[in-house]
Amino acid sequence: MLELRLPSLGADMDEGKLLEWKVRPGEHVVRGQVMCVVDTAKAAVDVEIWQDGTVAELRVQPGETVPVGTILATLLAPGESAAAPPPPAPVTAPPAAARAPRRRISPAARKRAEELGVAVDDIPGSGPDGAVTLQDVELAAAGAMAPAAAPRPAPAASPAAAPLPAPVAPPATTPAAVPDHQAEMRRAIAAAMSRSKREIPHYYLALTVPLARASAWLRDHNARRPVTERLLMAALLLKSVALACRRFPEFNGFWRDETFVPAAAVHAGVAISLRRGGLVAPALHDADGKPLDQVMRELSDLVQRARAGSLRSSELLEPTITVTNLGDAGADVVHAVIYPPQVAIVGFGAVAPRPWVDEDGELRAVPTVIASLAADHRVSDGHRGALFLAEIRDLLQHPESL
Amino acid sequence: MNRDDIRARMLGVLKGIAPELEEDEVDWDRPWRGQVDLDSMDFLNFVVGLHQALQVDIPEADYGRLKTLNGVVEYLAGRLGA
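Residue numbers (the numbering used here), protein chains in the order written: chain A, 1045 to 1446; chain B, 21 to 102.
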């Protein structure tokens, strides 16, 4: 028996309201499929299942608000028989005898599993005696979320499977909840940012990055493309950060239980301001490995869905580093606040012509952007931070290779 | 298609991006992106929306002519021969 639990979709979430079920009892579901829509402080979120199965029982009704970790639904694992309800235990048998032996799991892993809404019993353990480690939990949770790590089953592979929802979900706005949302989002941001400032010893660096080549490349690229295929500088900036994370893993991951856990993939969180105020920073999965066109398409899709209030649980769970771009609003430099449990955030200000001394000592007006880094001093030091920013700068000098 | 039609289509596209927009609150002869609070992603979506609504592909080099809403209407009218 598998359990779908309400995941914590942010450092600050402790409960959620079930808005809608997208599946019915008896329905076969595949990993990554949207099970239900849950209203959080920040958005209506499509909650995905992390393993194939058959829906057995829906335990929470639409409209109910339940704490994180609550079992929302039970599912039968592949091969498990629907016709075999747990036999009533004979009165004489000790109650525990019917159960599988309790899994060995570290307290940290158990806590994290609860946060992520992953059922411990279903996680293969890689530790001593099959103990479930923190990393196993992370992997199990990420399994539903990292399409590159484990491609979603093609429809052809399981004809009975319900088709995966289209990437662009219809706006799942909840008109009645709008005024409340504002206050809740403010509270959620306040909680996360207060925790960040309280717990994370931030250090800050900034570097002016010349963008003459990138701007010219972009102009030329876009001149040859129809409007639907044009790129924004934001896509180049995001990709450069994701690529830089490969060589500087200490900026890509999480601070948990007094230790740094590097992330295996780069899921770049994109800070998106919402039109009614507030912001959300969903993940663009595997941003380092995707071609620019795809990064741009997914970025555009994320922005539209974030603003329509329709994000997926994996997008909120997964960011391994955040990128915030405040140049459109005119700011020159961003002094950003890290979103816990992440350990770094990269900010970009406005792309604008500024005085620049080139290699020949000539003073010229050149489009530049100020890239800034706020990073966690428990994990990295300024020296590595400076090299990380320099790597981003160097990558942006070769836009054709991004 | 006359200017009123173009204006109506353009507003339709704009409201898809900025649903809270009140057209009376925007000065049609002043730069509008700041007034409506559109970032570069919104602006690109605006141009994509115009492309879909009016079958006009606006090259990036022409963005400078879209600085005011009346400017957008004039530009589109020119492109559509209205």
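All C-beta atoms in this analysis are idealised placements derived from N, C-alpha and C, irrespective of residue type, glycine included.
Assuming LYS1061/A contacts GLU1108/A (C-beta within less than 8 Å), just tell me the rounded distance between them. 7 Å
Across the segment 1393-1402 of chain A and the segment 1335-1352 of chain A, are there enough close Cβ pairs to call them in contact, namely three or more that are closer than 8 Å? no
Host alpha helix (DSSP H) of TRP1261/A (start-end): 1256-1267
What first and last residue would you give for the beta strand (DSSP E) that runs through GLU1416/A? Before going on, a small fix: residue 1416/A reads as Ser here, not Glu. Its beta strand (DSSP E) spans residues 1407-1420.
Between which two residues does the alpha helix (DSSP H) containing ILE1436/A stretch? 1426-1440
Beta strand (DSSP E) segment containing GLU1359/A, residue limits: No beta strand (DSSP E) contains GLU1359/A, which is instead part of the alpha helix (DSSP H) from 1357-1361.
Quick check: the segment 1245-1253 of chain A against the segment 1407-1417 of chain A, are there 3 or more CB pairs under 8 Å? yes
State yes or no: is the beta carbon of ALA1378/A nearer than 9 Å to at least one beta carbon in chain B? The question names Ala, but residue 1378/A in the sequence shown is Val. For VAL1378/A, the answer is no, since every Cβ of chain B falls outside 9 Å of its Cβ.
I want to see whether chain B comes within less than 9 Å of GLN1338/A, judged by CB atoms only; does it? no
Which residues, in order along the segment 1345-1358 of chain A, keep a beta-carbon less than 8 Å from a beta-carbon of chain B? VAL1347, GLN1348
Could you work out which residue in ALA1388/A, ALA1085/A, ALA1418/A is closest to VAL1377/A when comparing CA atoms only? ALA1418/A
Residues bridged to ILE1365/A [DSSP beta-bridge criterion]: ALA1312/A
At a Cβ cut of 8 Å, what residues of the segment 1258-1269 of chain A count as close to chain B, listed as they run along the chain? ARG1263, ASN1266, ALA1267
When the distance is taken between beta carbons, is PRO1306/A closer than 9 Å to VAL1314/A? no
Which of helix, strand or coil DSSP assigns to LEU1053/A: coil
Does DSSP put THR1118/A in a helix, a strand or coil? strand
Are any of the Cβ atoms in chain A nearer than 9 Å to that of PRO4/B? The first residue shown for chain B is 21 and the last is 102, placing residue 4/B beyond what the model contains.
Could you tell me whether the Cβ of GLU42/B comes closer than 9 Å to any Cβ of chain A? no
So, is the C-beta of MET30/B closer than 9 Å to a C-beta in chain A? no
Amino acids of chain A, ordered along the chain, whose beta-carbon sits closer than 8 Å to that of ALA81/B: ALA1267
Pull up the CB-CB distance for SER1025/A and LEU1433/A, whole angstroms please, since I reckon it's below 8 Å. Outside the displayed span of chain A (1045 to 1446) sits residue 1025/A, for which this structure offers no information.
Report, in whole angstroms, the separation of the C-beta atoms of LEU1050/A and LEU1119/A, which I expect to be a contact under 8 Å. About 15 Å; that fails the 8 Å criterion.
In the DSSP assignment, find the unbroken beta strand (DSSP E) run with ALA1373/A in it and report its ends. First-last for ALA1373/A: undefined, no H or E at that position.
Is the beta carbon of MET1340/A sitting closer than 9 Å to the one on LEU1287/A? no
Would you list the one or two residues that DSSP bridges to CYS1289/A? Answer by DSSP bridge pairing: none, since CYS1289/A is not bridged.
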